[in-house]
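Report on one structure; see the data block that follows.
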Amino acid sequence: MIAPVEAAAPAQVRRLNLSVRVLNAGFVVTGVATTLLGPLLPGLSSRWSLSDAQAGLFFTAQFLGSIGGVALSSALLPSWGYRFTIAAGFVASGAGIAALGLGSWTAGLLSAGIFGMGLGLTISGTNLFVAEASVTRPAAALSLLNLAWGIGAVSCPPLARLALRANRLETFLIFVAGFCALAAGLVAWLLPSQAELPRRRAQELFTSGVRQWSYPFLVSLGALFFLYVGTENSLAGWAASFAKRLGTTAELSWAITPSYFWGALVAGRAAAPVILRHVSEKIYVLGGLAVTLVSSAAMLGASSSMQLTLSLGAAGLGLAAIFPILVTWLWEGLGVSSRRLGGLMFTLAGLGGAAMPWLVGLESTRSGSLQKGLIIPLAALVAMMILVRPATHGLATRVAHTER
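Below, the structure written as structure tokens:
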């Protein structure tokens, strides 16, 4: 009974490996789409004469849409599978991005919500697919996946700067939307509906793992997802606006400021698989959070573009592999039930991305100081350092039960 399954495994592995490569390429496009608003925000604010509180609603619209997309993915994955869910996400992302620069401010908010919904479908589905398809070292596989995302994030600000300088914002948005359509076609053509390998013993994971997680583990992990995405998007999303107000950069150079953050994050994710061979995931996460906390505090006191650049780069390095590790903990802690409860985690991540950047803008408008608004992600970093212990303790408990 076992031999036919094992004989079929190599072909299945080859198809899964090809699928992971396609998703890595698609995640470059996803990185561009996710970080699109940051470098464009000052230009959009000028176009519609927006306050910081109003401009911050673009982040809220994007990530509220992402929450809806994640919730929809939880319903689509069990019945329609990964192929349909991820392809639909790319289609929605492309449609929303193409319409972002059209019409009024409210129409722009609606467009941000639509491409946010597409990102929710794509990001959650892709991360779960890669985690499930990786036979060994899922943290390394997810780091490489999110490295691809970071490459897209790094390329977005320079491209946005060129578009703004040439007054070709709509052309740039259609260009990004076209790549979303291409990614949707490749996913629909090549991706299988399911990702599990015969050797992963999915049924064994299900019977031994579903009931073993604890609520402290689930709550602390959910809070980490919420705070991490909120922090990352607050620091990167407001970086261009912060640089513009600092007044020490050349005309439109502020638009590429987020690239320093994303570039460091990409470098960190490239190095993460090597580093994780020598240190535990828990130590890596705690060290990264500490580096980001110190560098973010230094950013608030920056008085020159060089100080801002170095601070943002250090923050990106600190956060580099934290999200892939959180997804790994999700899979290792919940087993195949991560397909169901993973939707909750990615929903919380989207909620953090919606709420925290908006709160930064709200506090900036209230106090008249963007620096004061950016104290919010600093507080979130402290909270994350506290939450790592219960999250990893719950993970260790679950793994111990599974190995018995």
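Read in order, the letters of the sequence shown correspond to residues 6 to 409 in our numbering.
All C-beta atoms, glycine included, are put in the ideal place defined by N, C-alpha and C.
Source: prediction; values computed, not measured.
Checklist entry - How many angstroms separate the CA atom of A302 from the CA atom of L28? => result As a position in the sequence shown, residue 302 is number 297, starting the count at 1. As a position in the sequence shown, residue 28 is number 23, starting the count at 1. When rounded, the distance between both Cα atoms is 35 Å.
Item to check | Inter-stretch contact at 8 Å, needing at least 3 Cβ pairs: the stretch 96-112 / the stretch 175-194 | outcome: yes
Checklist entry - Would you call the CB atoms of E297 and D57 closer than 8 Å? => result Indexing the sequence shown from 1 puts residue 297 at position 292. Indexing the sequence shown from 1 puts residue 57 at position 52. Going by the sequence as given, residue 297 is Thr instead of Glu. Taking 8 Å as the Cβ cut-off, T297 and D57 do not qualify as a contacting pair.
Next on the checklist: Relative to the C-alpha of R19, which candidate in F32, L196, L232, L322 has its C-alpha closest?
Outcome noted: Residue mapping note: residue 19 aligns to position 14 of the sequence shown, counting from 1. For R19, the nearest C-alpha among the options comes from L196.
Next on the checklist: For G355 and Q67, what's the separation of their Cα atoms in angstroms?
Outcome noted: Looking up residue 355 in the sequence shown gives position 350. Looking up residue 67 in the sequence shown gives position 62. Taking the straight line joining both Cα atoms gives about 9 Å.
Next on the checklist: Let me check understanding here. Comparing Cα to Cα, which of S198, L379, V234, I380 lies closest to I72?
Outcome noted: Mapped onto the sequence shown, residue 72 falls at position 67. Nearest option by C-alpha distance: V234.
Item to check | Helix, strand or coil at V34 according to DSSP, with G and I counted as helix | outcome: Taking the first residue of the sequence shown as position 1, residue 34 is located at position 29. If DSSP states are grouped into helix, strand and coil, V34 belongs with the helices.
Item to check | Neighbourhood of R206 by C-beta distance below 8 Å, restricted to the same chain and skipping five residues each side | outcome: Counted from its first residue, the sequence shown places residue 206 at position 201. Since pLDDT at R206 reaches only 44, below the 50 mark, its modelled position is unreliable, and the value read off the structure follows with that caveat. Closer than 8 Å at the Cβ level, and outside the excluded window around R206, lies no residue.
Item to check | Nearest-angstrom Cα separation, counted from A360 out to W53 | outcome: The count along the sequence shown starts at 1 and reaches residue 53 at position 48. The count along the sequence shown starts at 1 and reaches residue 360 at position 355. If I take the Cα positions, the gap works out to 22 Å.
Checklist entry - By a C-beta neighbour count over all protein chains shown, 10 Å radius and 16 as the cutoff for buried, is V387 buried or exposed? => result Residue mapping note: residue 387 aligns to position 382 of the sequence shown, counting from 1. Result: exposed.
Item to check | Whole-Å CB distance - A145 paired with A260, under 8 Å assumed | outcome: Reading the sequence shown from its first residue, position 140 is the one you call residue 145. Reading the sequence shown from its first residue, position 255 is the one you call residue 260. Contact flag wrong, Cβ pair sits at about 33 Å.
Checklist entry - Taking just the CA atoms, how far does A396 sit from A112? => result By one-based count along the sequence shown, residue 112 stands at place 107. By one-based count along the sequence shown, residue 396 stands at place 391. If you take the alpha carbons of A112 and A396, they lie about 40 Å apart.
Checklist entry - Between S24 and the rest of its own chain, which residues show a CB-CB distance below 8 Å, the 5 nearest in sequence each way excluded? => result By one-based count along the sequence shown, residue 24 stands at place 19. F134, A138, L195, L196, P197, A200.
Next on the checklist: Under 8 Å: do the stretch 76-89 and the stretch 31-38 share three or more Cβ pairs, one atom per stretch?
Outcome noted: no
Checklist entry - Taking the alpha helix (DSSP H) that L448 falls in, what are its first and last residues? => result Because residue 448 is not part of the residues shown, which for the chain are 6 to 409, the question remains open.
Item to check | Close beta carbons around A117, own chain, < 6 Å, minus the five adjacent residues each side | outcome: As a position in the sequence shown, residue 117 is number 112, starting the count at 1. Closer than 6 Å at Cβ, skipping near neighbours: F63, A66, Q67.
Next on the checklist: Taking the beta carbon of A384 as the centre, do at least 16 other beta carbons fall within 10 Å, making it buried, or is it exposed?
Outcome noted: Locating residue 384 in the sequence shown gives position 379, where the first residue counts as 1. Flag for A384 reads exposed.
Checklist entry - CB-CB under 6 Å to T212, same chain, minus the five flanking residues each way: which ones, in chain order? => result To locate residue 212, count along the sequence shown from 1; it is residue 207. Confidence at T212 is low in this model, with a pLDDT of 46, below 50, so the placement of that residue should be treated as unreliable; the coordinate-derived value is given next. No residues qualify anywhere along the chain.
Next on the checklist: Under DSSP, the alpha helix (DSSP H) around W243 begins and ends at which residues?
Outcome noted: Counting from one through the sequence shown, the residue named residue 243 turns up at place 238. Careful: W243 lies outside any alpha helix (DSSP H) and carries neither H nor E.
Checklist entry - In its own chain, which residues sit with a C-beta less than 6 Å from the C-beta of Y265, not counting the 5 before and 5 after it? => result What you label residue 265 is simply residue 260 of the sequence shown in a count that begins at 1. Answer for Y265: T314, L317, G318, listed in chain order.
Checklist entry - Is V25 helix, strand or coil when you go by DSSP? => result Counting from 1 along the sequence shown, the entry for residue 25 is found at position 20. Correct three-state label for V25: helix.
Item to check | Per-residue DSSP class, three states only, for N132 | outcome: For this step, residue 132 is matched to residue 127 along the sequence shown. It is helical.
Checklist entry - If you draw a straight line from the C-alpha of G273 to the C-alpha of L152, how long is it? => result Within the sequence shown, the letter at position 268 stands for residue 273. Within the sequence shown, the letter at position 147 stands for residue 152. Distance between the alpha carbons of G273 and L152 is about 8 Å.
Item to check | Separation of G61 from L114, as counted between CA atoms | outcome: Taking the sequence shown and counting its residues from 1, the one referred to as residue 114 is at position 109. Taking the sequence shown and counting its residues from 1, the one referred to as residue 61 is at position 56. Answer to the nearest angstrom: the Cα atoms are 10 Å apart.
Checklist entry - For N132, which residues of its own chain have a beta-carbon under 6 Å away from its beta-carbon, when the five flanking residues on both sides are left out? => result Here residue 132 is taken as the residue at index 127 of the sequence shown, counted from 1. Excluding sequence neighbours, N132 sits near V332.
Next on the checklist: Please return the same chain residues whose Cβ sits closer than 7 Å to the Cβ of G130, not counting the five positions on each side in sequence.
Outcome noted: Counting from 1 along the sequence shown, the entry for residue 130 is found at position 125. Result list for G130: S78, L82, Y87, T90, I91, G94, in chain order.
Item to check | Among G123, S374, G268, the one whose alpha carbon lies nearest that of F247 | outcome: Within the sequence shown, numbered from 1, the residue matching residue 247 stands at position 242. Residue S374 is the option with its Cα nearest to F247.
Checklist entry - Around the C-beta of M311, are 16 or more other C-beta atoms found within 10 angstroms, so that it is buried, or is it exposed? => result Residue 311 sits at position 306 when you count from the first residue of the sequence shown. By the 10 Å Cβ count, M311 comes out exposed.
Item to check | Spatially closest choice to C185 from G123, P44, A136, by CA coordinates | outcome: Locating residue 185 in the sequence shown gives position 180, counting from the first residue. For the residues G123, P44, A136, the minimum Cα distance to C185 belongs to G123.
Item to check | Start and end residues, alpha helix (DSSP H) containing I156 | outcome: Locating residue 156 in the sequence shown gives position 151, counting from the first residue. Counted as a single uninterrupted DSSP element, the alpha helix (DSSP H) harbouring I156 occupies residues 143-170.
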